[in-house]
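Take a look at the structure below.
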Amino acid sequence: MADPFPPFPTAQELIRPDGRVAIDDLLDELRLSRAELALALGLPEDALCEPSRPDTQRRLWDLIEILAQVAPWAGSLHGAYAWASTQPLPSFGGRTAADLLREDRGGAVASYVSRVTQGGYA
(Lines of atoms letter the chains of each structure in order from A; the text may use other names.)
(Lines give C-alpha, C1' and ligand atoms only; values in the text may rest on other atoms or scores of the structure.)
Protein backbone atom coordinates (compact mmCIF):
# COMPACT_ATOMS: atom_id res chain seq x y z
CA MET A 7 0.00 0.00 0.00
CA ALA A 8 1.30 3.46 -0.89
CA ASP A 9 2.26 5.79 1.91
CA PRO A 10 -0.70 8.21 2.40
CA PHE A 11 1.79 10.85 3.54
CA PRO A 12 4.58 10.90 0.97
CA PRO A 13 7.81 12.40 2.22
CA PHE A 14 8.28 16.08 1.62
CA PRO A 15 11.40 17.32 -0.12
CA THR A 16 14.38 18.01 2.05
CA ALA A 17 16.17 21.33 2.03
CA GLN A 18 18.93 19.73 -0.03
CA GLU A 19 16.41 18.76 -2.71
CA LEU A 20 15.45 22.41 -3.12
CA ILE A 21 19.07 23.47 -3.68
CA ARG A 22 20.63 23.13 -7.12
CA PRO A 23 24.12 21.69 -7.61
CA ASP A 24 25.42 25.24 -8.09
CA GLY A 25 24.18 26.13 -4.59
CA ARG A 26 21.27 28.28 -5.67
CA VAL A 27 17.70 27.66 -4.54
CA ALA A 28 15.50 25.92 -7.13
CA ILE A 29 12.83 28.60 -7.05
CA ASP A 30 10.37 26.83 -9.35
CA ASP A 31 10.51 23.68 -7.20
CA LEU A 32 10.03 25.77 -4.06
CA LEU A 33 7.08 27.61 -5.61
CA ASP A 34 5.47 24.30 -6.61
CA GLU A 35 5.97 22.83 -3.15
CA LEU A 36 4.57 25.89 -1.37
CA ARG A 37 1.82 26.42 -3.96
CA LEU A 38 2.77 30.07 -4.35
CA SER A 39 3.26 32.45 -7.25
CA ARG A 40 6.50 34.40 -7.66
CA ALA A 41 4.66 37.54 -6.55
CA GLU A 42 3.43 35.85 -3.36
CA LEU A 43 6.88 34.49 -2.49
CA ALA A 44 8.53 37.84 -3.19
CA LEU A 45 6.00 39.57 -0.93
CA ALA A 46 6.55 36.98 1.81
CA LEU A 47 10.31 37.59 1.69
CA GLY A 48 10.08 41.37 1.48
CA LEU A 49 11.69 41.41 -1.96
CA PRO A 50 10.61 43.01 -5.21
CA GLU A 51 9.03 40.48 -7.55
CA ASP A 52 11.81 40.91 -10.11
CA ALA A 53 14.32 39.71 -7.49
CA LEU A 54 13.00 36.18 -8.04
CA CYS A 55 13.59 36.54 -11.78
CA GLU A 56 17.27 37.19 -11.00
CA PRO A 57 17.78 34.48 -8.38
CA SER A 58 21.56 34.81 -8.32
CA ARG A 59 21.39 38.09 -6.40
CA PRO A 60 23.05 37.50 -3.00
CA ASP A 61 20.25 39.14 -0.98
CA THR A 62 17.65 37.02 -2.79
CA GLN A 63 19.58 33.79 -2.24
CA ARG A 64 20.19 34.57 1.44
CA ARG A 65 16.48 35.11 2.10
CA LEU A 66 15.55 32.00 0.14
CA TRP A 67 18.12 29.94 2.08
CA ASP A 68 16.77 31.36 5.37
CA LEU A 69 13.22 30.42 4.35
CA ILE A 70 14.24 26.89 3.39
CA GLU A 71 16.22 26.43 6.61
CA ILE A 72 13.20 27.45 8.68
CA LEU A 73 10.74 25.36 6.67
CA ALA A 74 12.98 22.28 6.80
CA GLN A 75 13.10 22.49 10.60
CA VAL A 76 9.35 23.03 10.97
CA ALA A 77 8.13 20.56 8.30
CA PRO A 78 8.48 17.42 10.46
CA TRP A 79 5.95 18.72 12.98
CA ALA A 80 3.87 20.68 10.45
CA GLY A 81 3.52 17.63 8.19
CA SER A 82 4.82 19.21 4.98
CA LEU A 83 6.73 22.19 3.64
CA HIS A 84 3.40 23.77 2.75
CA GLY A 85 2.23 23.27 6.35
CA ALA A 86 5.51 24.71 7.60
CA TYR A 87 4.96 27.76 5.40
CA ALA A 88 1.44 28.16 6.81
CA TRP A 89 2.94 28.01 10.33
CA ALA A 90 5.59 30.59 9.41
CA SER A 91 2.93 32.88 7.99
CA THR A 92 0.46 32.74 10.86
CA GLN A 93 1.99 31.58 14.15
CA PRO A 94 2.94 34.47 16.47
CA LEU A 95 6.36 33.93 18.05
CA PRO A 96 6.45 35.00 21.72
CA SER A 97 10.19 35.64 21.67
CA PHE A 98 9.71 38.18 18.88
CA GLY A 99 6.87 40.20 20.34
CA GLY A 100 4.17 38.15 18.64
CA ARG A 101 5.50 38.71 15.12
CA THR A 102 5.45 35.73 12.77
CA ALA A 103 8.43 34.08 11.11
CA ALA A 104 7.23 35.60 7.83
CA ASP A 105 7.25 39.08 9.40
CA LEU A 106 10.83 38.52 10.51
CA LEU A 107 11.89 37.14 7.11
CA ARG A 108 10.59 40.35 5.52
CA GLU A 109 12.82 42.25 7.99
CA ASP A 110 15.80 40.10 6.89
CA ARG A 111 15.92 38.37 10.29
CA GLY A 112 15.61 34.82 9.01
CA GLY A 113 18.76 33.73 10.83
CA ALA A 114 17.24 34.72 14.17
CA VAL A 115 14.08 32.75 13.36
CA ALA A 116 16.11 29.69 12.33
CA SER A 117 17.99 29.82 15.65
CA TYR A 118 14.71 30.19 17.56
CA VAL A 119 13.13 27.23 15.74
CA SER A 120 16.24 25.13 16.30
CA ARG A 121 16.14 25.91 20.03
CA VAL A 122 12.43 25.06 20.27
CA THR A 123 12.80 21.79 18.35
CA GLN A 124 15.54 20.75 20.77
CA GLY A 125 13.19 21.24 23.70
CA GLY A 126 13.97 24.85 24.56
CA TYR A 127 11.41 27.44 25.53
CA ALA A 128 9.63 29.69 23.08
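According to the numbering used here, the sequence shown is numbered sequentially starting from 7. Every residue gets a Cβ at the ideal spot worked out from N, C-alpha and C, and that includes glycine.
Arg101 to Asp24, Cα distance in whole Å?
Within the sequence shown, numbered from 1, the residue matching residue 101 stands at position 95. Within the sequence shown, numbered from 1, the residue matching residue 24 stands at position 18. If I take the Cα positions, the gap works out to 33 Å.
Flag this pair as yes or no: are the beta carbons of Val119 and Gln75 separated by less than 7 Å?
Here residue 119 is taken as the residue at index 113 of the sequence shown, counted from 1. Here residue 75 is taken as the residue at index 69 of the sequence shown, counted from 1. Taking 7 Å as the Cβ cut-off, Val119 and Gln75 qualify as a contacting pair.
Once the 5 residues before and after Phe98 are set aside, which same chain residues still bring their CB inside 7 Å of it?
Counting from one through the sequence shown, the residue named residue 98 turns up at place 92. Hits under 7 Å: Leu106.
Cα-Cα, which of Ala46, Gln124 and Ala41 is closest to Tyr87?
Residue 87 sits at position 81 when you count from the first residue of the sequence shown. Checking every option, the nearest Cα to that of Tyr87 belongs to Ala46.
May I ask you to list the residues that DSSP assigns as paired with Ile21?
Working through the sequence shown from its first residue, we reach residue 21 at position 15. DSSP lists Val27 as partners of Ile21.
Candidates Ala77, Trp79, Asp61 and Thr123: which alpha carbon is nearest Arg108's?
Here residue 108 is taken as the residue at index 102 of the sequence shown, counted from 1. Out of Ala77, Trp79, Asp61 and Thr123, Asp61 has the C-alpha closest to the C-alpha of Arg108.
I think Ala90 touches Leu73, with their Cβ atoms under 8 Å apart; what is that distance to the nearest whole Å?
By 1-based counting over the sequence shown, the position of residue 90 is 84. By 1-based counting over the sequence shown, the position of residue 73 is 67. Confirmed, about 7 Å.
Just reading off the alpha helix (DSSP H) that Pro60 is part of, what are its end residues?
Start at 1 with the first residue of the sequence shown, and residue 60 comes out as number 54. Pro60 -> alpha helix (DSSP H) spans Pro60 to Ala80.
Run the CB neighbour count on Glu35, radius 10 Å, all protein chains shown included, and call it buried at 16 or more, exposed below.
Residue mapping note: residue 35 aligns to position 29 of the sequence shown, counting from 1. By the 10 Å Cβ count, Glu35 comes out buried.
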